[in-house]
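Let me begin by presenting the structure, written as structure tokens, before commenting on it.
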Amino acid sequence: METVVTYEKQGMLPKVDKYILLSTSPRRKDLLTFLNPEIMSVDVDERAIQDHYMKVFNDEPFLMRAAKSCCELAKAKSQTTIAKGTLYLSADTIIVSEDRVCHKPQTTAEAVATLRSYFGKSHYAVTGVCLKAKDYQEVFYTLAKIDFVDYYDALDEAITTYVSRYQPFDKAGAYSIRDIDPRFIKGITGDMNTILGLPVAELSQRLFGKTGETIK
Numbered sequence: 525m526e527t528v529v530t531y532e533k534q535g536m537l538p539k540v541d542k543y544i545l546l547s548t549s550p551r552r553k554d555l556l557t558f559l560n561p562e563i564m565s566v567d568v569d570e571r572a573i574q575d576h577y578m579k580v581f582n583d584e585p586f587l588m589r590a591a592k593s594c595c596e597l598a599k600a601k602s603q604t605t606i607a608k609g610t611l612y613l614s615a616d617t618i619i620v621s622e623d624r625v626c627h628k629p630q631t632t633a634e635a636v637a638t639l640r641s642y643f644g645k646s647h648y649a650v651t652g653v654c655l656k657a658k659d660y661q662e663v664f665y666t667l668a669k670i671d672f673v674d675y676y677d678a679l680d681e682a683i684t685t686y687v688s689r690y691q692p693f694d695k696a697g698a699y700s701i702r703d704i705d706p707r708f709i710k711g712i713t714g715d716m717n718t719i720l721g722l723p724v725a726e727l728s729q730r731l732f733g734k735t736g737e738t739i740k
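525 is the number of the first residue of the sequence shown in our numbering; add one for each residue after it.
Here you go:
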């Protein structure tokens, strides 16, 4: 499983003296503290865009469909007026389990059911990132595999307690890796920050270090 994939790249990264995060996510803001970005909200219909591209990429394996759709949604969020010397960062995260996208739960019952469905299996977090400046655009995605332990009865109360305490209705996949009960997780393959919503190590390397390689 490739955990870092370049989706597209156009132009060369120019000199940048200002960063704008096109997201109001507090988690992404915290992860980008080292860039001290300005925050700009974007108004797009995420579900409609995601559903559209899942159909566009219908012939691909399901995880690849989700990854490419994630990149297209990150690109859609970056549609703004581009100022010289400014880099705009946008991102989207999708949770995939057994050939289905696990959206943000709408109810307590849905959150509990989603969490229960992970036990004894692997599911995936994919985060698409778009970096955009004048005459430059780079889009990549990262993958992380999350393995939950096999289910046992004592976990039932832990699941309902987690949902009641943390109310994960704004979380894709019904949980945040930061506050999930540690008894749930058997192992993680890939960058944990992919699960949080922004793979900052890869992002920083692309901005200040190595050039990302296109993987087809």
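Glycine included, C-beta positions come from ideal geometry on N, C-alpha and C.
- In this structure, the CA atom of T718 is about 15 Å from the CA atom of V663.
- Under the three-state reduction of DSSP output, C594 falls in the helix class.
- In the DSSP assignment, Q661 forms a beta bridge with Q534 and K656.
- Per DSSP, L639 is one residue of the alpha helix (DSSP H) stretching across T632 to Y642.
- The DSSP-derived three-state label of A572 is helix.
- Under the DSSP definition of a beta bridge, D715 lacks any partner.
- For E570 and A668, the gap between their C-alpha atoms comes out near 21 Å.
- Per DSSP, the continuous alpha helix (DSSP H) segment holding S688 begins and ends at L679 to Y690.
- Counting every other CB atom within 10 Å of its CB across the protein chains shown gives Y676 a total below 16, marking it as exposed.
- If you draw a 10 Å sphere on the C-beta of D554, you find fewer than 16 other C-beta atoms in it, and that means exposed.
- Linking Y531 to Q661 through their CA atoms gives a straight-line distance of about 11 Å.
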